[in-house]
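Start counting the sequence shown at 186; every next residue gets the next number (the numbering used here).
Idealized CB from N, CA, C, for every residue including glycine.
Since this is a predicted model, take the numbers as computed values, not measurements.
In what follows, a single structure is set out as structure tokens and then discussed.
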Amino acid sequence: MDLANREIIAYNFAARPKFCLVKKMLEEGFSHIEPTGCPIIHSD
């Protein structure tokens, strides 16, 4: 979620948490960011 405008950037779901799930979500999220962007990734 973009905290500036509360827009959902990327999401994914599965029955179990796996690395491939996280990797796919990050790749999708980064595809929406401009090359000059400077994202901050927050995870709990």
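ask   = When the Cβ atoms of the stretch 212 to 225 are set against those of the stretch 186 to 203, are three or more pairs found closer than 8 Å?
value = yes
ask   = Taking the C-alpha atoms as reference points, what is the distance between ARG201 and VAL207?
value = Reading the sequence shown from its first residue, position 16 is the one you call residue 201. Reading the sequence shown from its first residue, position 22 is the one you call residue 207. Their Cα atoms are separated by approximately 11 Å.
key: DSSP three-state assignment for GLU213, whether helix, strand or coil   = Here residue 213 refers to the residue found at position 28 when the sequence shown is read from its first residue. In the structure shown, GLU213 sits in a helix (DSSP, three-state: H, G or I).
query = Alpha carbon to alpha carbon, how far is PRO220 from ASN190?
reply = What you label residue 220 is simply residue 35 of the sequence shown in a count that begins at 1. What you label residue 190 is simply residue 5 of the sequence shown in a count that begins at 1. Going by the C-alpha atoms only, they are around 19 Å apart.
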